[in-house]
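Participant: Starting off with a structure, shown below.
Numbering (my numbering), first residue to last: 716 to 833.
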């Protein structure tokens, strides 16, 4: 459906829309103790339990398990984004996937370094 959304908006408008949604996601990540790592088009990646996320986390969230914080974020984003309407009156299609388990992170590349999470 991302291609359908792009057909509704001019280039600058789609950037503004993505920016508005990104701001909501970043604020919600911060409020739930997650760190937004990457965004590519309609997909974003956030982590909980990562050292960088935990250092910035609000102290009252420290007793919540990282999986609970992820679930709370998912519910909060679904609630906030269901009222965010496109030009055609439809809500933004939003799918959330979660994974739990160990990860490693690193900076890869020399010419154009990027953060990698595996």
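Don't be surprised by glycine CBs; every beta carbon is placed ideally from N, CA and C.
(1) Check residue 740 in the structure and name its three-state DSSP category.
(2) Let me know the secondary structure DSSP gives residue 749 once reduced to three states.
(3) Are residue 761 and residue 788 closer than 9 Å when you measure CB to CB?
(4) Hey, is the stretch 737-748 in contact with the stretch 764-777, meaning 3+ C-beta pairs nearer than 8 Å?
(5) Within its chain, find whatever has a CB closer than 6 Å to the CB of residue 782; leave out the 5 residues flanking it on each side and keep chain order.
(6) For the alpha helix (DSSP H) containing residue 795, name the first residue and the last one.
(7) Span of the beta strand (DSSP E) holding residue 768?
(8) According to DSSP, residue 831 sits in a beta bridge with which residue or residues?
(9) In the DSSP assignment, find the alpha helix (DSSP H) that holds residue 723 and state where it starts and stops.
Facilitator: Let's see:
(1) Indexing the chain shown from 1 puts residue 740 at position 25. Residue 740 falls in the helix class under three-state DSSP.
(2) The residue you call residue 749 lines up with position 34 of the chain shown. Coil.
(3) Working through the chain shown from its first residue, we reach residue 761 at position 46. Working through the chain shown from its first residue, we reach residue 788 at position 73. Result yes, Cβ atoms of residue 761 and residue 788 sit closer than 9 Å.
(4) Of all C-beta pairs linking the stretch 737-748 to the stretch 764-777, three or more are shorter than 8 Å, placing the two stretches in contact.
(5) Working through the chain shown from its first residue, we reach residue 782 at position 67. Within the same chain, Cβ atoms closer than 6 Å to the Cβ of residue 782 are found at 815, the five residues on either side in sequence being excluded.
(6) Stepping through the chain shown from its first residue, residue 795 is reached at position 80. Taken as a continuous stretch (DSSP letters only), the alpha helix (DSSP H) holding residue 795 covers 781-797.
(7) Position 53 of the chain shown, counting from 1, holds the residue named residue 768. That residue, residue 768, is in no beta strand (DSSP E); its alpha helix (DSSP H) goes 766-771.
(8) Position 116 of the chain shown, counting from 1, holds the residue named residue 831. Partner(s): 821.
(9) Working through the chain shown from its first residue, we reach residue 723 at position 8. Here the alpha helix (DSSP H) through residue 723 covers 717-723.
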